[in-house]
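Mapped onto the numbering used here, the consecutive letters of the sequence shown carry residue numbers 1 to 408.
All residues carry an ideal CB built from backbone N, CA and C; glycine is no exception.
The model shown is predicted, which means the values in this text are computed figures rather than measured ones.
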Amino acid sequence: MSVKTSEPALARPSSAPVTRLIILGSSLTALAVLRDAVRHGLEVLVLDVDVGPACASRWGRKIVRPGVGANDLLPELLAETGSHCALVATSDYWLEFIMRHRVELEQACAEVLHPANAALEACLHKELFVPRCCERGLPTPVTWFVGAETRPAGLLCPVILRPLRTRHQGAHNELIPKAVEVPDEAALARWLAVYSEQSCAAVASTSLLGRRLRQYSVAYATPRSADRAATFDLTQAFVTCKRRPLPDRCSVGTNVELSPQARVLELGRAVIEQLGLTGIGEIEVLHDVDTGENFVIEINARPWMQYALAPASGHDFFTTCVGAKLETSRTGLQRLQGRAWVEFKTDLLNAFPRRNGAVRRGEIGVARYLLSLLRANAIARFRWHDRWPGMLGWRRAQRSGLLRSRLT
């Protein structure tokens with residue numbers, strides 16, 4: 001089904017306060033959003049087509065329909081909405097669903113916590129994202145959309161190769177990783193053959209991984225308003241640094257901490273303003289330690305996996321986006337450092353596998369690794385008052401033999 005990209009009007013005004021949040025998706029991201037919403041006293045509904053960690057939470061009502069498509073859930077979703085309801089997607093899969101049904105959802109809800117379709121489309125589609133950034137003077141690596149254009153003369157190996165569309169589901173996920181560094185032309189030809197066999201469009205960009213890099217993210221919450229200046233002034237944002245895995249792994253962060261970086265934050269605010277971002281999201285930035293250059297890599301125009309760092313650091317993203325329509329705000333001291341997030345199971349798998357574990361390879365010492373765990377005060381799965389998502393995650397990993405097979 002094609003995506004509707006026409007811009008709907010702003011959500012209809014409502015004097016009723018927002019008392020309910022519908023979360024599309026049940027991933028770790030959804031679990032963090034659910035817990036934050038409960039802190040605000042919101043009634044929460046989690047809706048998904050797969051069973052994820054958020055389904056194990058003691059809080060919120062869940063509607064899970066395995067085996068059906070998102071479009072099939074639209075009537076059931078609309079029946080749950082109202083002028084007291086806000087809506088948020090926690091994966092790209094559900095962002096595309098919102099784009100397809102934007103008009104109906106805007107009319108049915110008080111707030112949809114995502115930017116307009118034009119901005120969403122640029123964030124989701126790499127062939128639109130890079131040109132949009134270049135037009136607005138935002139720094140990105142040299143990029144080649146394989147098969148759609150001539151290879152740029154300045155694109156030399158090594159390169160980073162990734163799917164044109166991020167695939168979170170599908171049988172070819174094991175054959176085509178989220179991203180891979182390709183060292184030379186022969187390896188590039190082999191990888192492009194794999195992409196061709198899997199009928200997966202590819203995009204290649206200049207690899208920065210030969211440099212000394214740090215990977216930062218700018219987390220933001222921006223209200224949607226007809227007054228762009230007011231929207232920008234009310235934005236809340238902070239910077240995090242991915243400690244594990246290192247940037248050369250091209251993988252999702254498992255240990256992330258607050259890291260005040262003025263220039264990175266300034267770049268993030270420029271991206272928000274230039275691309276018209278609203279709602280809750282994250283901007284990924286690679287920083288060259290030696291040259292001081294910053295490069296915009298990707299934008300998640302939605303809550304991201306480490307979302308728990310927002311409430312843990314005193315940032316009230318819900319109140320920022322919903323404003324006066326929210327009965328209960330969670331204002332407090334905002335911290336820009338001193339908070340760290342960890343997902344214990346996958347972090348362990350990043351640290352200790354014999355072949356490429358960060359500790360086994362000497363990239364980080366055992367004492368430093370253990371200290372990083374002790375410093376973690378935003379845990380992905382486990383909470384004392386909401387224990388089941390964490391307990392079930394470990395139990396399933398043990399039963400499947402995943403930990404034993406990966407660590408030996």
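On a CA-only basis, which of the options is nearest residue i? Give me that one, please.
i: isoleucine 272; options: His125, Trp59, Tyr369 and Ala116; result: Ala116
i: asparagine 300; options: Gly67, Ala89 and Pro75; result: Ala89
i: leucine 21; options: Asn71, Pro66 and Ser83; result: Ser83
i: glycine 276; options: Gly323, Gly41, Leu209 and Glu121; result: Glu121
i: leucine 374; options: Ala110, Ala189, Ala358 and Asn255; result: Asn255
i: aspartate 92; options: Glu104, Ala70 and Ala110; result: Ala70
i: proline 66; options: Ala118, Leu78 and Val51; result: Val51
i: arginine 175; options: Arg165, Phe129, Val146 and Val194; result: Checking the sequence shown, residue 175 turns out to be leucine, not arginine. When each option's Cα is compared against that of leucine 175, the closest is Val194.
i: glutamate 298; options: Leu309, Val285, Asp290 and Thr291; result: Val285
i: leucine 164; options: Leu213, Cys123, Ala108 and Trp341; result: Cys123
i: cysteine 55; options: Arg354, Ala30, Leu74 and Gly154; result: Ala30
i: alanine 340; options: Asp290, Cys241, Ile160 and Leu78; result: Cys241
i: glycine 279; options: Glu76, Phe238, Ser26 and Leu87; result: Leu87
i: alanine 308; options: Pro17, Val18 and Leu34; result: Leu34
i: glycine 41; options: Leu349, Thr319, Ala310 and Ser372; result: Thr319
i: serine 27; options: Glu111, Ala179, Pro75 and Val46; result: Val46
i: tryptophan 59; options: Leu128, Val44 and Val49; result: Val44
i: isoleucine 283; options: Pro303, Ala110, Glu104 and Val289; result: Pro303
i: serine 251; options: Arg224, Val239 and Glu181; result: Glu181
i: alanine 37; options: Cys85, Ala16, Asp48 and Val68; result: Cys85
i: phenylalanine 344; options: Leu258, Arg244 and Gly362; result: Arg244
i: glycine 253; options: Pro223, Arg214, Thr235 and Ala237; result: Arg214
i: aspartate 290; options: Ala32, Thr143, Leu209 and Val218; result: Leu209
i: leucine 188; options: Ile63, Ile160 and Leu78; result: Ile160
i: tryptophan 191; options: Val218, Arg212, Arg162 and Ser207; result: Arg162
i: aspartate 288; options: Ser207, Phe238, Val112 and His125; result: Ser207
i: glutamate 185; options: Arg211, Gln274 and Pro158; result: Pro158
i: leucine 246; options: Glu111, Val68 and Ile364; result: Ile364
i: alanine 110; options: Leu78, Ala351 and Gly292; result: Leu78
i: glutamine 107; options: Glu80, Val130, Ala119 and Lys126; result: Glu80
i: arginine 61; options: Ala32, Ile98 and Ile23; result: Ile23
i: alanine 367; options: Ala351, Ala378 and Asn377; result: Ala351
Quick one: using the 10 Å Cβ neighbour count with 16 as the cut-off for buried, is residue i buried or exposed?
i: cysteine 134; result: exposed
i: serine 196; result: exposed
i: methionine 391; result: exposed
i: tryptophan 384; result: exposed
i: leucine 95; result: buried
i: valine 322; result: buried
i: arginine 356; result: A small fix is needed here, since residue 356 is asparagine in this sequence, not arginine. Answer is exposed; the Cβ neighbour count stays below 16.
i: aspartate 72; result: exposed
i: threonine 150; result: exposed
i: arginine 132; result: buried
i: glycine 170; result: Reliability fails at glycine 170, whose pLDDT of 43 lies under 50, so the model's placement of it is uncertain and no value is given.
i: arginine 354; result: exposed
i: leucine 156; result: exposed
i: glutamine 334; result: exposed
i: arginine 381; result: buried
i: proline 75; result: exposed
i: histidine 168; result: The pLDDT assigned to histidine 168 is 47, lower than 50, so where the model puts this residue is not dependable; a value taken from the coordinates is nonetheless given after this. Counting Cβ neighbours within 10 Å, histidine 168 comes out exposed, since fewer than 16 surround it.
i: lysine 178; result: exposed
i: glycine 409; result: Residue 409 falls outside the range modelled here, since the chain spans only 1 to 408, and no answer is possible.
i: arginine 102; result: buried
i: glutamate 293; result: exposed
i: alanine 358; result: buried
i: alanine 16; result: exposed
i: glycine 362; result: exposed
i: leucine 113; result: buried
i: leucine 138; result: buried
i: leucine 371; result: exposed
Determine which residues share a DSSP beta bridge with residue i and list them.
i: glycine 323; result: Answer is none; glycine 323 lacks a bridge partner.
i: arginine 65; result: Looking at the DSSP assignment, arginine 65 forms no beta bridge with any residue, so it has no partner.
i: isoleucine 98; result: Answer is none; isoleucine 98 lacks a bridge partner.
i: alanine 89; result: Leu24
i: threonine 143; result: Ser205
i: phenylalanine 318; result: Bridge partners of phenylalanine 318: none, in fact.
i: aspartate 386; result: Arg383
i: valine 33; result: Paired residue(s): none; valine 33 is not in a bridge.
i: alanine 378; result: Trp341
i: arginine 136; result: Per DSSP, none; premise fails for arginine 136.
i: phenylalanine 295; result: Leu286
i: glycine 281; result: Tyr220
i: aspartate 50; result: Looking at the DSSP assignment, aspartate 50 forms no beta bridge with any residue, so it has no partner.
contact_flag[the segment 202-209, the segment 264-281] where n(CB pairs < 8 Å) is 3 or more: Too few Cβ pairs lie closer than 8 Å, so no.
Segments of 3+ residues assigned as beta strand (DSSP E) that fall wholly inside the segment 203-274: If we require 3 residues or more, the beta strand (DSSP E) runs fully inside the segment 203-274 come out as 213-222, 236-244 and 255-258.
Segments of 3+ residues assigned as beta strand (DSSP E) that fall wholly inside the segment 324-372: As summarised for the segment 324-372, the continuous beta strand (DSSP E) elements at least 3 residues long and confined to that stretch are 340-342, given in chain order.
Inside the segment 179-203 only - beta strand (DSSP E) runs reaching at least 3 residues: Taken in chain order, the whole beta strand (DSSP E) runs of length 3 or more contained in the segment 179-203 are 180-182.
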